[in-house]
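Taken in sequence, the protein lines are chains A and B. Note that this note's numbering has the first sequence beginning at 44, numbered continuously upward. Note that this note's numbering has the second sequence beginning at 44, numbered continuously upward. By construction, the Cβ of each residue, glycine as well, lies at the ideal position given by its N, Cα and C atoms. In this text the structure is predicted, and so the values were computed from the model without any measurement. These notes are about the structure you will find just below.
Number of protein chains: 2
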Amino acid sequence: MPHDFAAILKELHLKVTPRRLATLAALSTATTYVSPEEVHKRLQGEFARIGLPTVYRNLEELAAGGVITKVLHPNRQLYYYFCPNRSHHHHFVCLACRTVEDLECCGLEDLEKQVGGRVISHIVQANGLCQACLRAGREASA
Amino acid sequence: MPHDFAAILKELHLKVTPRRLATLAALSTATTYVSPEEVHKRLQGEFARIGLPTVYRNLEELAAGGVITKVLHPNRQLYYYFCPNRSHHHHFVCLACRTVEDLECCGLEDLEKQVGGRVISHIVQANGLCQACLRAGREASA
DNA sequence: ATCTCAATGGAAACCATTTTTATTTAACCT
DNA sequence: AGGTTAAATAAAAATGGTTTCCATTGAGAT
Ligand SMILES: [Mn+2]
Ligand SMILES: [Mn+2]
Ligand SMILES: [Zn+2]
Ligand SMILES: [Zn+2]
Chain A
44 MPHDFAAILK ELHLKVTPRR LATLAALSTA TTYVSPEEVH KRLQGEFARI GLPTVYRNLE
104 ELAAGGVITK VLHPNRQLYY YFCPNRSHHH HFVCLACRTV EDLECCGLED LEKQVGGRVI
164 SHIVQANGLC QACLRAGREA SA
Chain B
44 MPHDFAAILK ELHLKVTPRR LATLAALSTA TTYVSPEEVH KRLQGEFARI GLPTVYRNLE
104 ELAAGGVITK VLHPNRQLYY YFCPNRSHHH HFVCLACRTV EDLECCGLED LEKQVGGRVI
164 SHIVQANGLC QACLRAGREA SA
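Listed below in structure tokens is the structure:
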């Protein structure tokens with residue numbers, strides 16, 4: 044069953060625009076995490092006019108809404124990934140081929156209980172080389 | 044007992060320079076995480092000439108050597124923190140007053156076992172408002 | 001159809017971070 | 001102490017991902 048992107052956008056109180064639908068479609072069909080620049084390039088194949096700020100804005104909004112997740116790359120660039128797994132979890136990301144593996148959330152709730160104050164957000168991410176890249180001798184790339 | 048910063052630098056095969064010693068001194072006396080810019084400002088009180096790229100380079104090297112830790116702020120700026128706790132752990136950072144609390148590492152080793160490939164690095168960090176800031180009604184700041 | 005405010009494009013600004021190159025300095029060896 | 005060498009540094013500039021600004025367009029409601 045395909046995702047109902049329009050319904051997702053409505054739930055987030057975001058207008059259902061062609062660019063947002065195309066952005067979700069692009070992310071959900073990508074097999075890896077992608078950069079805003081790459082999303083922009085892909086949308087240029089669908090729209091005569093598409094601004095990079097629009098891509099940045101929409102990706103940020105979708106991430107804020109929990110529809111897509113951010114990948115914090117060691118190169119300090121921000122990437123995005125559409126993960127169909129709706130339960131709370133985190134990711135192992137390959138620095139060579141950009142594939143993503145789900146990590147079952149360990150005791151992060153326990154961690155939050157240790158905190159004296161209020162936790163607003165948290166990051167858990169493992170970076171490395173996936174099995175395929177390890178075997179192929181590929182290296183982490185910028 | 045004061046830290047032996049010269050010995051720390053030697054262990055990392057870094058030359059013992061006045062700027063590196065001052066950087067470590069500045070970080071270890073700070074009660075919060077600090078930005079490279081702020082370190083630079085503070086060193087300007089000690090050195091007639093001190094370049095910002097030098098601060099960036101040295102902070103990065105010290106972090107790579109595990110002497111200081113990075114704080115990944117939601118504002119996408121990078122901050123650094125000197126934590127005297129030498130065991131493997133992670134941090135809860137206050138977005139208002141920039142204080143840091145240690146988090147005992149939960150099952151991160153378990154997480155790594157889930158991964159098919161090789162884990163090169165990992166991030167675990169909780170962001171929020173510390174108890175003091177919560178009570179004082181302070182807000183997360185940029 | 002009209003209205004209203006969110007969404008968008010394009011250009012420009014922003015600004016943390018990095019690169020470049022010449023110069024200085026710490027470390028090491030007589 | 002003096003000489004050698006590679007690392008460290010300053011200064012300036014470039015880089016480039018990201019954000020801001022503002023005029024225009026478009027989605028959704030009536
Ligand atoms: Mn996932
Ligand atoms: Mn700590
Ligand atoms: Zn891979
Ligand atoms: Zn606080």
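Residue(s) in a DSSP beta bridge with residue i
{"i": "A:HIS165", "result": "B:ALA169"}
{"i": "A:VAL114", "result": "A:TYR122"}
Start-to-end residues for the beta strand (DSSP E) that takes in residue i
{"i": "A:HIS83", "result": "Premise fails: A:HIS83 lies in the alpha helix (DSSP H), 79 to 87, not in any beta strand (DSSP E)."}
{"i": "A:PHE135", "result": "132 to 137"}
{"i": "A:LEU146", "result": "143 to 147"}
Range covered by the alpha helix (DSSP H) that runs through residue i
{"i": "A:THR74", "result": "Here A:THR74 belongs to no alpha helix (DSSP H), and DSSP marks it neither H nor E."}
{"i": "A:ARG100", "result": "95 to 107"}
{"i": "B:GLU54", "result": "48 to 54"}
{"i": "A:CYS176", "result": "174 to 179"}
{"i": "A:GLU155", "result": "151 to 157"}
Within-8 Å CB hit, residue i to chain B
{"i": "A:LEU55", "result": "no"}
{"i": "A:GLY108", "result": "no"}
{"i": "A:PRO117", "result": "yes"}
{"i": "A:CYS126", "result": "no"}
{"i": "A:GLU155", "result": "yes"}
{"i": "A:GLU80", "result": "no"}
{"i": "A:GLU89", "result": "no"}
Neighbour flag for residue i against chain A, beta carbons, 8 Å
{"i": "B:CYS140", "result": "no"}
{"i": "B:GLU103", "result": "no"}
{"i": "B:VAL135", "result": "Reading off the sequence shown, one finds Phe at residue 135 of chain B, where the question assumed Val. Closer than 8 Å to some Cβ of chain A, the Cβ of B:PHE135 qualifies, so yes."}
{"i": "B:LEU52", "result": "no"}
{"i": "B:GLU147", "result": "yes"}
Under 8 Å between C-beta atoms of residue i and residue j
{"i": "A:CYS173", "j": "A:CYS126", "result": "no"}
{"i": "B:HIS133", "j": "B:VAL167", "result": "yes"}
{"i": "A:VAL136", "j": "A:TYR76", "result": "yes"}
{"i": "A:PHE90", "j": "A:ARG62", "result": "yes"}
{"i": "B:GLY180", "j": "A:VAL158", "result": "no"}
{"i": "A:VAL59", "j": "A:LEU67", "result": "no"}
{"i": "A:HIS165", "j": "A:CYS148", "result": "no"}
{"i": "A:LEU154", "j": "B:ALA49", "result": "no"}
{"i": "B:ILE163", "j": "A:ALA65", "result": "no"}
{"i": "A:VAL143", "j": "A:TYR124", "result": "yes"}
{"i": "B:LEU55", "j": "B:VAL82", "result": "no"}
{"i": "B:LEU177", "j": "A:ARG161", "result": "yes"}
>> Under 7 Å, CB to CB, which of the residues in the region 157 to 185 of chain B have a partner in chain A?
In response: Cβ contacts with chain A: GLN157, VAL158, GLY159, GLY160, ARG161, VAL162, ILE163, SER164, HIS165, ILE166, VAL167, GLN168, ALA169, ASN170, GLY171, LEU172, CYS173, GLN174, CYS176, LEU177 and ALA183.
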